[in-house]
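In this note's numbering, the protein residues as written are 285 to 715.
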């Protein structure tokens, strides 16, 4: 019996007991759809959270800090004495720049509590000082205007939300609409006011006049509410406000930013920086950790769905076993007229595999319909628009189809062996 004849005969035998075959296929459909939908919900949650986090900042930017206990002492990179803890000073910055894949390194100084005076209106803002020499290589892009050049230290970039104001209400902070947008200030000069209380308890003000060169694209992070300025300018204001001069060589910078060429290099650069005993934070680390968590979640959800397919597997075994009892005499006649043991075995295995394959295909179609329905309902009730709670990947579809066919094949092995081993004479005599 050739393969084509075997498949045709198996297909015909499968639909002799239509109702029983359909019920068995429905079990496979439920199991396959359960696996796909369960895992797709994990995929959707991962995509949603990853997308939200990716909007907060660049995955190619590393934030580097030194241990708070290392504020005093000599540099790890300086010649001579070697302290137990590294200092985030110029020597460390130079060391970072030598690393493969690093395109920019800048120290960072932050100053909070500043104000912008625009048309006699004050807006609170924070200052973020970076090295203008590497500003072009950093992942900061302007939505309007341009970045200051290295020598233009009196120019600044405004975050998207710098002019936003909030009023504290009973329900929480409420955004107040401003008639002025950061884009309106491009090319204009503004006054940055910094306040402090002196030793006599009196308030002092220091005003810095700067020119707005551009507006930063929204990052979803603190930069949206900050004014990006030259490092030395912000450092001088910070020193005036705190009344303390920072010895960079001994105390180090409070923070540094490393911009990496590509996200694939983030992990290797992170390991090199951590090998120098600095603390590193990056969005990529969070995404990697979340990836591991969601993989476990998908395995768990897939396992729950697989229980339904296991029940379907038992149903296939039962169907094929009942088919043997009903077709015992037929099996005997087939053997007498020349069908081999392999032909009998392969026929029953083909029938069970068809059940698994048909159930898998229908289950995939059902899972897409369920996924659409889940996303539609979630979007309607949760976001009022579109939502991706369930996301089915091509790999998941292929896996489900192969798995369901494999379940059908394995379920038919024992009944097929039993059918193949029937005695021809006993089978013919059976009623």
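Each residue gets a CB set at the ideal place from its N, CA and C atoms; glycine is no exception.
Alpha-carbon to alpha-carbon, residue j and residue i
{"i": "residue 362", "j": "residue 478", "result": "Summary for residue 362: the model assigns pLDDT 40, below 50, so the residue's position carries little reliability; its value from the coordinates is reported in the next sentence. Whole-angstrom Cα-Cα distance: 35 angstroms."}
{"i": "residue 227", "j": "residue 652", "result": "Because the chain here runs from 285 to 715, residue 227 falls outside it and cannot be looked at."}
{"i": "residue 703", "j": "residue 687", "result": "25 angstroms"}
{"i": "residue 548", "j": "residue 662", "result": "34 angstroms"}
{"i": "residue 292", "j": "residue 590", "result": "30 angstroms"}
{"i": "residue 383", "j": "residue 696", "result": "59 angstroms"}
{"i": "residue 539", "j": "residue 436", "result": "23 angstroms"}
{"i": "residue 511", "j": "residue 676", "result": "42 angstroms"}
{"i": "residue 457", "j": "residue 509", "result": "Confidence is the limiting factor: at residue 457 the pLDDT is only 47, short of 50, which leaves the residue's position unreliable, though a coordinate-based value still follows. Their Cα atoms are separated by approximately 15 angstroms."}
{"i": "residue 563", "j": "residue 515", "result": "21 angstroms"}
{"i": "residue 691", "j": "residue 622", "result": "30 angstroms"}
{"i": "residue 524", "j": "residue 678", "result": "59 angstroms"}
{"i": "residue 311", "j": "residue 587", "result": "16 angstroms"}
{"i": "residue 609", "j": "residue 620", "result": "18 angstroms"}
{"i": "residue 297", "j": "residue 611", "result": "10 angstroms"}
{"i": "residue 580", "j": "residue 330", "result": "11 angstroms"}
{"i": "residue 606", "j": "residue 582", "result": "36 angstroms"}
{"i": "residue 365", "j": "residue 577", "result": "In this prediction, residue 365 has a pLDDT of 43, which is less than 50 and means its spatial position is unreliable; nothing more can be read from the coordinates."}
{"i": "residue 295", "j": "residue 571", "result": "49 angstroms"}
{"i": "residue 485", "j": "residue 665", "result": "55 angstroms"}
{"i": "residue 464", "j": "residue 446", "result": "11 angstroms"}
{"i": "residue 381", "j": "residue 390", "result": "10 angstroms"}
{"i": "residue 417", "j": "residue 410", "result": "21 angstroms"}
{"i": "residue 519", "j": "residue 400", "result": "18 angstroms"}
{"i": "residue 415", "j": "residue 507", "result": "15 angstroms"}
{"i": "residue 706", "j": "residue 598", "result": "22 angstroms"}
{"i": "residue 483", "j": "residue 535", "result": "25 angstroms"}
{"i": "residue 567", "j": "residue 555", "result": "14 angstroms"}
Top-ranked residue by Cα proximity to residue i, from the options
{"i": "residue 575", "options": "326, 305, 293, 304", "result": "326"}
{"i": "residue 438", "options": "501, 476, 589", "result": "476"}
{"i": "residue 584", "options": "293, 320, 552, 295", "result": "320"}
{"i": "residue 542", "options": "387, 301, 408, 536", "result": "387"}
{"i": "residue 290", "options": "508, 626, 672", "result": "626"}
{"i": "residue 517", "options": "502, 596, 392", "result": "392"}
{"i": "residue 551", "options": "569, 301, 489", "result": "569"}
{"i": "residue 718", "options": "448, 440, 488", "result": "Outside the shown range of the chain (285 to 715) lies residue 718, about which nothing can therefore be said."}
{"i": "residue 537", "options": "309, 371, 647", "result": "371"}
{"i": "residue 546", "options": "422, 527, 295", "result": "422"}
{"i": "residue 488", "options": "398, 648, 613", "result": "398"}
{"i": "residue 481", "options": "526, 506, 665, 467", "result": "526"}
{"i": "residue 302", "options": "635, 698, 707", "result": "635"}
{"i": "residue 505", "options": "706, 345, 300", "result": "345"}
{"i": "residue 288", "options": "409, 519, 707, 631", "result": "631"}
{"i": "residue 307", "options": "426, 604, 706, 417", "result": "604"}
{"i": "residue 602", "options": "555, 707, 698", "result": "698"}
Beta carbon of residue i nearer than 8 angstroms to that of residue j
{"i": "residue 493", "j": "residue 473", "result": "yes"}
{"i": "residue 343", "j": "residue 680", "result": "no"}
{"i": "residue 498", "j": "residue 444", "result": "no"}
{"i": "residue 593", "j": "residue 315", "result": "yes"}
{"i": "residue 500", "j": "residue 424", "result": "yes"}
{"i": "residue 395", "j": "residue 522", "result": "yes"}
{"i": "residue 565", "j": "residue 347", "result": "yes"}
{"i": "residue 637", "j": "residue 700", "result": "no"}
{"i": "residue 615", "j": "residue 628", "result": "yes"}
{"i": "residue 413", "j": "residue 559", "result": "no"}
{"i": "residue 432", "j": "residue 442", "result": "no"}
{"i": "residue 533", "j": "residue 373", "result": "yes"}
{"i": "residue 328", "j": "residue 645", "result": "no"}
{"i": "residue 654", "j": "residue 376", "result": "no"}
{"i": "residue 469", "j": "residue 553", "result": "no"}
{"i": "residue 643", "j": "residue 684", "result": "no"}
{"i": "residue 639", "j": "residue 309", "result": "yes"}
{"i": "residue 693", "j": "residue 648", "result": "no"}
{"i": "residue 313", "j": "residue 682", "result": "no"}
{"i": "residue 467", "j": "residue 502", "result": "no"}
Segment limits, beta strand (DSSP E) that includes residue i
{"i": "residue 464", "result": "Unbroken run through residue 464: none, as it is neither H nor E."}
{"i": "residue 387", "result": "386-402"}
{"i": "residue 514", "result": "510-514"}
{"i": "residue 412", "result": "405-414"}
{"i": "residue 440", "result": "439-442"}
{"i": "residue 347", "result": "345-349"}
{"i": "residue 488", "result": "487-500"}
{"i": "residue 342", "result": "Neither: residue 342 is in no beta strand (DSSP E) and is coded neither H nor E."}
{"i": "residue 428", "result": "426-429"}
Segment limits, alpha helix (DSSP H) that includes residue i
{"i": "residue 678", "result": "678-695"}
{"i": "residue 643", "result": "625-662"}
{"i": "residue 470", "result": "Run containing residue 470: none; DSSP gives neither H nor E here."}
{"i": "residue 582", "result": "567-610"}
{"i": "residue 545", "result": "First-last for residue 545: undefined, no H or E at that position."}
{"i": "residue 295", "result": "287-298"}
Presumed contact (8 angstroms Cβ cut-off) between residue i and residue j, rounded CB distance
{"i": "residue 385", "j": "residue 544", "result": "5 angstroms"}
{"i": "residue 561", "j": "residue 378", "result": "Wrong, their Cβ atoms sit about 16 angstroms apart, outside the cutoff."}
{"i": "residue 496", "j": "residue 471", "result": "7 angstroms"}
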